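One structure is given here, and the rest of the page talks about it.
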Amino acid sequence: MSKCIRSAFLITILLGSDAALAQVRNLDIYWVDVEGGAATLIVSPSGESLLVDSGWEAEGRDAKRIFAVTQQAGLKKIDYFILSHYHGDHAGGIPALAKMIPIGKCFDRGDFVEPANLKWRAGYLSVCGTRRTVLNAGDKIPLKGVRVDVVTANGRVIAKPVRGGGEPNPLCATAENKPPDEAENQLMISTLFTFGKFKFLDLADLDWEKEMELACPINKLGEVTLYQAGRHGALAGAGAPGFLYAIRPQVVVVNNGPRKGLGGPSHGSPKAQTEHYERLAKIPGVEGIWQEHLSLVDQEKGHNTADDMIANFEDSKDCKGNWIEASVARDGTFTVFNSRNGFSKTYMAR
C-alpha cells in the first residue's frame, strides 16, 4: 500500500470514528441559573452549540454562570446565539459573556425597540451587530443534528403547522382569551427543537394571545416532550390553558428565580404561586416539573415541585447557581439531572 493510500485510509478511519461518535452522542440541554432570567444552552450530537438568551447584566454574574456551564459541556465557542427579545433579563449578559468565550452567528427579531429597552439592544448589537440575522416565523436555524424551527418572530406565528401539528384543537371552543400584551412579549422569537421523537419548546416570554394563535383553531405545534415554562412560570399573562393542555408536555422546566417567576406576582396577580404551579401540575400526562429555584414568595409544599427537582434553595445573595440538564438519546430516552444534588430521572418521549 502506497504512503498516500495509507494516509487516505487512516483519514477515512478517523473520520469514520468521529462520525460514529457523533451518532452515539446525546442532545444536551442546560438551563443555567440566571435568577429568574433566561439562558438555555443546547449542545447537539454534532458538537455544535446554541445559546438562547443571556440572563441579566448583574455585574457579570450571569455571564460567569453561563461560561461555567459551557466549560462543563466542553465547549470552546458558542456557535449560535438567539436573543428572544430586548428585555434585560434575557439580553443583559451577552456583552460580558462575549469577553469570556467566542460567539458565532447571532439571531434576533428585528430593530423595533421600546425606549426603555434601548440599553439592552445596544449591548446586544455591540457583540452581534456585524454578524446578526433577523429571523421570521417559519425560518430554521442550521444547528447540525437537530431541527430548529422558529415558530414566532416579530409579532407573527408560523403560517403552516410543523411536523406533528395541524390537528383541530377542541379546547378552543371554550378557551379563555386575553388581549395582546406589551410589544416585547408579542414580538419575541420562540423556538421548537426536534431530535427524533423528542421535541423541546422554548417560547421565552411569549404572551397569552400569541400562544392562542399557535393553538387555535388548529394546534400548529402538536404535542411536545419538554416545555420551558413561559414567563419563568409567572403565568398570569402566559400559559394559556387552551394552549398548554393542547401541547401536553411530558416534562416542564421552570427557569424561575427565588422571588421572580413562579411564586411571584405577575401583572398584578396576587396568586402567582398556587394558581400557576397548579396549572402546570394539571397538564394532562405531565410526568415531571423541575425548578431552578424554590419560590421564596410561597414555600408551601404543593406550591413547588419535589425538593429533589429544585436546583437552588437560597436567596440570590447566597445562591450557588446550580443548573439543570436534560440529556436526550436518539431513541427518545432522556434524563433530567439536578446539579445541586445529583438527582436524576429518566423519561421516554411519547
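Taking numbering that gives the first Met the number 0, the leading residue of the sequence shown gets 0, the next gets one more, and so forth.
The beta-carbon is built from N, C-alpha and C at its ideal position, and this holds for glycine as well.
Only a predicted model underlies this, so the values are computations on that prediction, with no experimental measurement involved.
N- and C-terminal bounds of the alpha helix (DSSP H) containing N255
Run containing N255: none; DSSP gives neither H nor E here.
The alpha helix (DSSP H) with I246 in it runs from where to where?
Residues P240 to I246.
Could you spell out the range, first to last residue, of the beta strand (DSSP E) harbouring W119?
Per DSSP, W119 belongs to no beta strand (DSSP E); it is in the alpha helix (DSSP H), L117 to C127.
How is F66 classed by DSSP in three states: helix, strand or coil?
For F66, the three-state secondary structure derived from DSSP is helix.
Counting pairs of beta carbons, one from the region 39-48 and one from the region 217-226, are three or more of them closer than 8 Å?
Of all C-beta pairs linking the region 39-48 to the region 217-226, fewer than three are shorter than 8 Å, placing the two stretches out of contact.
Please identify the residue among I81, V156, A325 and Y346 whose C-alpha is closest to the C-alpha of F336.
Per the Cα distances, A325.
Less than 8 Å between the CB atoms is what I'm expecting for N311 and E286, so what's the real figure, rounded?
22 Å between Cβ atoms; not a contact.
Own chain, CB closer than 8 Å to E208, minus 5 neighbours either side, in chain order
Within the same chain, E208 has close Cβ partners N176, K177, P178, P179, D180 and Q185.
Residues near M347 in its chain [Cβ-Cβ closer than 7 Å; skip 5 each side]:
Taken in chain order, the residues that qualify are G331 and T332.
Starting from N337, trace the beta strand (DSSP E) both ways and give me its first and last residue.
Here the beta strand (DSSP E) through N337 covers T332 to N337.
Distance check for V51 and I28, CA to CA, integer angstroms please.
C-alpha of I28 to C-alpha of V51: approximately 11 Å in a straight line.
Measure the C-alpha to C-alpha separation of H84 and A328 and round it to an integer number of angstroms.
Distance between the alpha carbons of H84 and A328 is about 30 Å.
Going by Cα to Cα distance, which pick from G284, D307, V161 and A172 is closest to N340?
For the residues G284, D307, V161 and A172, the minimum Cα distance to N340 belongs to D307.
Please list the terminal residues of the continuous alpha helix (DSSP H) segment that includes N184.
Secondary structure note for N184: its alpha helix (DSSP H) is the uninterrupted segment A182 to L186.
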